[in-house]
Amino acid sequence: MTGRDKIVLAYSGGLDTSVAIKWLQDKYNLDVIAVGINVGQPPSSDDIVARALRNGAIHAEFVDAKKEFVEDYIWPSLKANAMYEDAYPLSTAIARPLIAKILVEIAQREGAKYIAHGCTAKGNDQVRFDVGIVSLDPSIGIIGPMREWVMTREEEIEYAHQNNIEIIVKKENPFSVDENLWGRSCECGVLEDAWVEPPREAWGWTTEPSEAPDTPEYVEIEFVKGVPVAINGEKMDGVKLIETVNAMACRNGVGRIDHVEDRLVGIKSRETYECPAATVLMTAHKSLEFLTLQKDVLEFKKGVEQKFSQIAYNGLWFGTLRESLQAFIDTTQEYVTGTVRVKLFKGSAMAVGRKSPYSLYDEGLATYAKGDEFDHKSAVGFIYCWGLPNKTAAKVHKKQ
Ligand code: ARG
913 MTGRDKIVLA YSGGLDTSVA IKWLQDKYNL DVIAVGINVG QPPSSDDIVA
963 RALRNGAIHA EFVDAKKEFV EDYIWPSLKA NAMYEDAYPL STAIARPLIA
1013 KILVEIAQRE GAKYIAHGCT AKGNDQVRFD VGIVSLDPSI GIIGPMREWV
1063 MTREEEIEYA HQNNIEIIVK KENPFSVDEN LWGRSCECGV LEDAWVEPPR
1113 EAWGWTTEPS EAPDTPEYVE IEFVKGVPVA INGEKMDGVK LIETVNAMAC
1163 RNGVGRIDHV EDRLVGIKSR ETYECPAATV LMTAHKSLEF LTLQKDVLEF
1213 KKGVEQKFSQ IAYNGLWFGT LRESLQAFID TTQEYVTGTV RVKLFKGSAM
1263 AVGRKSPYSL YDEGLATYAK GDEFDHKSAV GFIYCWGLPN KTAAKVHKKQ
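So our numbering is basically just the index in the sequence shown, starting at one, shifted up by 912.
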């Protein structure tokens, strides 16, 4: 025990957060607890916990948060068809409040007064971490080393050498990438020119759609109350289900997104995303909702979905409005139970079949063939009432 105050560092094992362990000790005279959090990033052979300890952390741990991510963040977002600016399934955004929550829990357990994260001053993620932390424990102080220091990448490497910090210097990646179960975000480099088509190297997960198989692949997704529970008849837990759909969609080139988005901090930025499972599951979920929800619910829910997406994007996950909207959304899912068949083919995912014990689609009413149950006599009377306001106004306006 050094008797110093403690800080919990959100630690990825990368250059920035490795350097931050030493920097926080020196600049702030704090003991560092390094915490890696697994929300479904690709596995690495590097034992980042052991390396954090060798680099001076007094304690280090790696938390597997995949199950909690799926159940408490991804499924609620799927039920909300959450899509920021109708384009981005919020894959990075919804992982941040969970990471903040885990950091707060560890800080409370370890008696740490501070939390640190490696976000820069220009992005949304700093907002999501900071607001997430203060929403859960307003007594915790927050330090963002990357917002404070002025080191370039080269200077960070130099600092690491001078201070015997063990780092794994990978070949410089021209892109900034964030990955989890719900998607992969990629920005910077040539993508900063919004006119340039994303080069091959910007895509990390999905097959080039033109090189995907020449025969379509079909997947049947079963939902219970808005949550997917089985793939092609096989029941599986949420983590495995998303991994399974990700693999199917990736090999068919499904889930690529190229978007110029509005950050909370006022900047427009060009980003690409690969959200294979999110694309397929949201397509299927929406299709099942169209089958099982009434028209007025669908219309009203659309506005709620948009608000929900903005809240999630803007870092207000742990807030009364998100929780209240969630309660509404959950209620709408009572009958969103059934199965959707999605066709995956060279970059596209299309719902081509759906069924539900609660289907509101009534073939007797819909059919133009024999067995029609619709009361044709009702049409004329209904149209008389429906058009009456326009008819009345037309008469008056013509007079004047
Ligand atoms: N623009 C996305 C968001 O704000 C992703 C941000 C992280 N992306 C990255 N490549 N580091 O949610």
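Just so it is clear, CB atoms sit at the ideal spot from N, CA and C, and this is done for glycine as well.
All values derive from a computational prediction rather than experimental measurement.
Leaving out five residues before and five after P1111 in sequence, what residues of the same chain have Cβ atoms less than 8 Å from its Cβ? What you label residue 1111 is simply residue 199 of the sequence shown in a count that begins at 1. Hits under 8 Å: V1102.
Just verifying my parser: in three-state terms, what is the DSSP assignment at S1260? For the purposes of this step, residue 1260 is identified with residue 348 of the sequence shown, where counting begins at 1. Correct three-state label for S1260: strand.
So, K1137 versus Q1238, is the Cβ gap smaller than 8 Å? As a first step, residue 1137 is located in the sequence shown; it is residue number 225 there, counting from the start. As a first step, residue 1238 is located in the sequence shown; it is residue number 326 there, counting from the start. No.
Closest to T1249 by C-alpha separation, out of E1070, E1275 and L1205, would be which residue? Here the question's residue 1249 lines up with position 337 in the sequence shown. Nearest of E1070, E1275 and L1205 to T1249, Cα basis: L1205.
Is A1306 near ligand 1, going by C-beta to nearest heavy atom under 7 Å? Position 394 of the sequence shown, counted from the first residue, corresponds to residue 1306. No.
CA-to-CA distance, R1175 to A1033, given in whole angstroms: As a position in the sequence shown, residue 1033 is number 121, starting the count at 1. As a position in the sequence shown, residue 1175 is number 263, starting the count at 1. Answer to the nearest angstrom: the Cα atoms are 12 Å apart.
Given 7 Å as the limit, tell me if T1004 has its C-beta closer than that to any heavy atom belonging to ligand 1. For the purposes of this step, residue 1004 is taken as the residue at position 92 of the sequence shown. For ligand 1, at least one heavy atom lies less than 7 Å from the Cβ of T1004.
Classify Y1273: buried if its beta carbon has 16 or more other beta carbons within 10 angstroms, exposed otherwise. As a working mapping, residue 1273 is identified with position 361 in the sequence shown. Its Cβ having fewer than 16 others within 10 Å, Y1273 is exposed.
Please list, in chain order, all residues of the same chain as E1285 whose beta carbon is under 7 Å from its beta carbon, the five residues on each side excluded. In the sequence shown, residue 1285 corresponds to position 373, counting from 1. Same-chain partners within the cutoff: G1276 and L1277.
Quick check on DSSP: helix, strand or coil for R1253? Locating residue 1253 in the sequence shown gives position 341, where the first residue counts as 1. Three-state result, R1253: strand.
Out of H1288, D984, S1047 and L927, point me to the one whose CA is closest to A1072's CA. Locating residue 1072 in the sequence shown gives position 160, where the first residue counts as 1. Of the candidates H1288, D984, S1047 and L927, the one whose C-alpha sits nearest the C-alpha of A1072 is L927.
Within the present structure, is the beta-carbon of S924 separated from the nearest heavy atom of ligand 1 by less than 7 Å? Translated into the one-based positions of the sequence shown, residue 924 becomes position 12. False, no ligand heavy atom lies under 7 Å from that Cβ.
Sheet register partners of A1142 (DSSP bridge): Position 230 of the sequence shown, counted from the start, is the residue given in the question as residue 1142. E1134 and K1147, per the DSSP bridge assignment.
V982 versus T1064 - alpha carbon distance: Along the sequence shown, read from residue 1 onward, the residue named residue 982 stands at position 70. Along the sequence shown, read from residue 1 onward, the residue named residue 1064 stands at position 152. Distance between the alpha carbons of V982 and T1064 is about 36 Å.
Are the region 1159–1166 and the region 1079–1095 in contact at 8 Å, needing three or more beta carbon pairs? no
Taking the runs of the alpha helix (DSSP H) that are 4 residues or longer, which of them lie wholly in the region 924–953? 927–940
Local Cβ density within 10 Å of K991, reported as buried at 16 or more and exposed below that: Residue 991 sits at position 79 when you count from the first residue of the sequence shown. Counting Cβ neighbours within 10 Å, K991 comes out buried, since at least 16 surround it.
S1088: beta carbon under 7 Å from a heavy atom of ligand 1? Start at 1 with the first residue of the sequence shown, and residue 1088 comes out as number 176. At least one heavy atom of ligand 1 is nearer than 7 Å to the Cβ of S1088, so yes.
I986 and I1006 closer than 8 Å at C-beta: The count along the sequence shown starts at 1 and reaches residue 986 at position 74. The count along the sequence shown starts at 1 and reaches residue 1006 at position 94. Yes; because the gap between Cβ atoms is below 8 Å, this pair is in contact.
Assigned exposure category for Q1074 - 16 Cβ within 10 Å defines buried: As a working note, residue 1074 is residue 162 in the sequence shown. Its Cβ having fewer than 16 others within 10 Å, Q1074 is exposed.
Segment limits, beta strand (DSSP E) that includes T1032: Against the sequence shown, residue 1032 aligns to sequence position 120. Premise fails: T1032 is in no beta strand (DSSP E) and is neither H nor E.
Less than 8 Å between the beta carbons of S924 and G952, yes or no? For the purposes of this step, residue 924 is identified with residue 12 of the sequence shown, where counting begins at 1. For the purposes of this step, residue 952 is identified with residue 40 of the sequence shown, where counting begins at 1. No; because the gap between Cβ atoms is not below 8 Å, this pair is not in contact.
Please report the residue range of the alpha helix (DSSP H) in which H1316 lies. Any answer about residue 1316 is impossible in this case: the structure gives the chain only from 913 up to 1312.
Can you tell me whether T1184 is helix, strand or coil according to DSSP? Your numbering for residue 1184 matches position 272 in the sequence shown. Three-state DSSP puts T1184 in a strand.
For S1003 and A1261, believed in contact at Cβ under 8 Å, the rounded distance: The residue given as residue 1261 occupies position 349 in the sequence shown. The residue given as residue 1003 occupies position 91 in the sequence shown. Contact flag wrong, Cβ pair sits at about 16 Å.
If you check the beta carbons only, do Q1020 and C1031 fall under 8 Å apart? Start at 1 with the first residue of the sequence shown, and residue 1020 comes out as number 108. Start at 1 with the first residue of the sequence shown, and residue 1031 comes out as number 119. No, Cβ-Cβ distance for Q1020 and C1031 is not below 8 Å.
Using the three-state DSSP reduction, which class does E1120 fall into: helix, strand or coil? Indexing the sequence shown from 1 puts residue 1120 at position 208. In this structure, E1120 counts as coil in the three-state DSSP scheme.
Exposed or buried, H1197, counting other C-beta atoms within 10 Å across all chains shown (16 or more means buried)? For the purposes of this step, residue 1197 is identified with residue 285 of the sequence shown, where counting begins at 1. Its Cβ being crowded by 16 or more others within 10 Å, H1197 is buried.
N- and C-terminal bounds of the alpha helix (DSSP H) containing D1208: Residue numbering aside, residue 1208 sits at position 296 when the sequence shown is read from its first letter. Its alpha helix (DSSP H) spans residues K1207 to Y1225.
Where the alpha helix (DSSP H) through A964 begins and ends: Walking along the sequence shown from the start, residue 964 turns up at place 52. From DSSP, the alpha helix (DSSP H) with A964 extends over I960 to R966.
Considering Cα atoms alone, identify which of R963, G968 and E1099 is closest to F974. Here residue 974 refers to the residue found at position 62 when the sequence shown is read from its first residue. Closest option to F974, Cα to Cα, is R963.
Between the CA atoms of P1301 and G1227 - distance to the nearest angstrom: Residue 1227 sits at position 315 when you count from the first residue of the sequence shown. Residue 1301 sits at position 389 when you count from the first residue of the sequence shown. Looking at the two C-alpha atoms, the distance is approximately 45 Å.
Do the region 1251–1269 and the region 1130–1147 make contact, defined as three or more Cβ pairs closer than 8 Å? yes
Report the residue from A932, I1241, I1011 and F1257 whose alpha carbon sits nearest the alpha carbon of E1201. Counting from one through the sequence shown, the residue named residue 1201 turns up at place 289. Cα-wise, what sits closest to E1201 is I1241.
In whole angstroms, what separates the C-alpha of P1001 from that of Y1296? Locating residue 1001 in the sequence shown gives position 89, counting from the first residue. Locating residue 1296 in the sequence shown gives position 384, counting from the first residue. Near 44 Å, if we compare the C-alpha coordinates of Y1296 and P1001.
Assuming L1203 and S1268 are in contact, meaning their beta carbons sit under 8 Å apart, how far apart are those beta carbons, in whole angstroms? Residue 1203 sits at position 291 when you count from the first residue of the sequence shown. Residue 1268 sits at position 356 when you count from the first residue of the sequence shown. With a Cβ gap of about 6 Å, L1203 and S1268 count as contacting.
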